Amino acid sequence: MIDSDTEASGKETIETRRRATQKKRALLQKRLSILTGMTLLVVVLLTVIINLVVPDKSFSVNENRNLAEWPKFSVQSLLDGSYTTGLQSYVSDQFFGRDGWITFKLKQDRIKGVQESNGVYLGKDGYLMEKPAEPDNSAVQKSIDAINSFAEKYNSVHMHMTVVPNAACVLSDKLPKNAPVRDQKADLANIKAHLNQQVSFTDVTSALSAHKKENIYYHTDHHWTSLGASYAFHATAGGLGIQNPPKKCDIYTVTNRFEGTMASKSGCYDYQDSIEVYIPKNSENSYYVTYEDSHKKSASLYQSAALKAKDKYTVFLGGNHPLVTIHTTNNNRKCLLLFKDSYANCFVQFLTPYYEEIILVDPRYYYENVGKIMSGENVTDVLFLYNLNTFAADTDLADVLSSAKITAK
685 MIDSDTEASG KETIETRRRA TQKKRALLQK RLSILTGMTL LVVVLLTVII NLVVPDKSFS
745 VNENRNLAEW PKFSVQSLLD GSYTTGLQSY VSDQFFGRDG WITFKLKQDR IKGVQESNGV
805 YLGKDGYLME KPAEPDNSAV QKSIDAINSF AEKYNSVHMH MTVVPNAACV LSDKLPKNAP
865 VRDQKADLAN IKAHLNQQVS FTDVTSALSA HKKENIYYHT DHHWTSLGAS YAFHATAGGL
925 GIQNPPKKCD IYTVTNRFEG TMASKSGCYD YQDSIEVYIP KNSENSYYVT YEDSHKKSAS
985 LYQSAALKAK DKYTVFLGGN HPLVTIHTTN NNRKCLLLFK DSYANCFVQF LTPYYEEIIL
1045 VDPRYYYENV GKIMSGENVT DVLFLYNLNT FAADTDLADV LSSAKITAK
């Protein structure tokens, strides 16, 4: 038999070993915590130093947008909160390695089953769709009032408007289940209802929805495709006074490696789009394009150099410019003034056979008196062409139209 002293001694030895093991574990955990804390501190310090040293960027090629700059301080901006809001935007936009962090966050969100990333819905069949914007009602009304006043001022000029619904509206079946989406159809109806009778309006939602099984919007970008623009053109043609335009075009795929703004914004790069250009068949019309900001001229609407860049959508007209003029060999004395956003860049390829001159004005970058164009160029037609997300928040169109002054020819 084992005596009681031996048994007690054994228990003490086991207890001593257990305590020693616990102390070692506690010491290791403490050292690990210190090491983790020091590593985190070093990472934070390095990140701060890198963010201080690396110059700020003014534009994101990946997201195709201007980045926030350091906000200007004033007592008023501090009191109304705009300074702190601007500071938050600055830190978010200028944070070192932003694109990598966006992709990292997307992977984490997907593991959790999240179907939205940075304002982009991760839809079915590879579709990345921008959340429809909540309209700035005062800005929208200001734009409509400016359009109506402009139409009254130039009442001898035929004016038309087309506002394009975004992919989340037309391709609603591609959205994640139960994704909350604003009803853009109601927004379009509201715009139409507030235009005066001098401005005709085409809602292209039905024309696009009839072809929603086709590639009418890019999977990875916020724009529509040339095919989508083609269907919208034929729906709009009557409102522009263009009767029975031919539907046949020569179609050329210029790239199949396009990853657009929605891919960059969400960090999702699972799909690559194709970009097509459409050349009207049997058109004897020729033209040249003048870019007023650079004073360059081109014999093509397409910039092939853009296909080597990140934003390959800029193959259409080389992107956005304040003022672009297309001179054609038509002799019909028809001059179209097109107020536009980037959706018009691939739409204009369908307009060239029908006008002697097409003048494109992007109000976001145009600061001159548009009245000089109206009178000096003998404008016969005006088209307002926007996508709804842009128009819902736009303030530039109203400024440009309101500053128009009738000038002597």
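Residue numbering for the sequence shown follows this note's numbering, starting at 685 and increasing by one per position. Backbone N, C-alpha and C fix where the C-beta goes; we use that ideal spot for every residue, glycine too. Computed from a prediction, not measured in an experiment: that's the story for all the values here.
Which class does residue i belong to by DSSP, given the choice of helix, strand or coil?
i	result
residue 909	coil
residue 994	coil
residue 814	strand
residue 1065	strand
residue 1071	strand
residue 1052	coil
residue 1092	Summary for residue 1092: the model assigns pLDDT 49, below 50, so the residue's position carries little reliability, and this model does not support an answer.
residue 767	helix
residue 940	strand
residue 757	coil
residue 976	coil
When you compare only the Cα positions, how much space is there between residue i and residue j?
i	j	result
residue 981	residue 857	43 Å
residue 811	residue 862	16 Å
residue 1080	residue 864	29 Å
residue 943	residue 952	9 Å
residue 938	residue 904	17 Å
residue 836	residue 1053	17 Å
residue 1039	residue 1019	6 Å
residue 915	residue 1067	17 Å
residue 719	residue 978	56 Å
residue 708	residue 721	20 Å
residue 974	residue 1002	12 Å
residue 986	residue 1032	11 Å
residue 1024	residue 1050	11 Å
residue 706	residue 755	54 Å
residue 833	residue 1048	20 Å
Could you name the residues of the same chain whose beta carbon sits closer than 6 Å to that of residue i, not counting the 5 residues immediately before and after it, in chain order?
i	result
residue 878	828
residue 1004	1026 and 1046
residue 964	933 and 1037
residue 1083	none
residue 807	813, 858 and 859
residue 851	813 and 901
residue 842	1065
residue 955	810, 903 and 904
residue 1030	910, 913 and 1000
Looking only at its own chain, which residues have a Cβ that is under 7 Å from the Cβ of residue i, when we skip the five neighbours before and after it?
i	result
residue 1077	817, 820 and 823
residue 898	911
So the candidates are the options; which of them puts its Cα closest to the Cα of residue i?
i	options	result
residue 1074	759, 716, 772 and 847	847
residue 855	832, 839, 844 and 900	900
residue 1061	1011, 815 and 753	1011
residue 869	889, 972 and 954	889
residue 885	940, 697, 875 and 845	845
residue 929	1019, 761, 967 and 957	967
residue 839	830, 977, 803 and 882	882
residue 758	983, 767 and 1070	767
residue 875	911, 830 and 801	830
residue 681	978, 1035, 1022 and 826	Nothing about residue 681 can be read from this structure; the chain reaches only from 685 to 1093.
residue 804	906, 1022 and 763	906
residue 996	825, 961 and 1088	961
residue 1072	866, 918 and 957	866
Excluding five sequence neighbours on each side, which residues of the same chain lie with their C-beta closer than 8 Å to the C-beta of residue i?
i	result
residue 976	1005, 1006, 1007, 1008 and 1009
residue 1044	1001, 1005, 1007, 1008, 1009, 1010, 1022, 1024, 1028 and 1032
Given 8 Å, three or more beta-carbon pairs between the region 986-994 and the region 1013-1029: no
Segment contact, 8 Å Cβ cut-off, at least three pairs: the region 947-954 with the region 915-925: no
Three or more C-beta pairs below 8 Å linking the region 926-937 and the region 889-897: no
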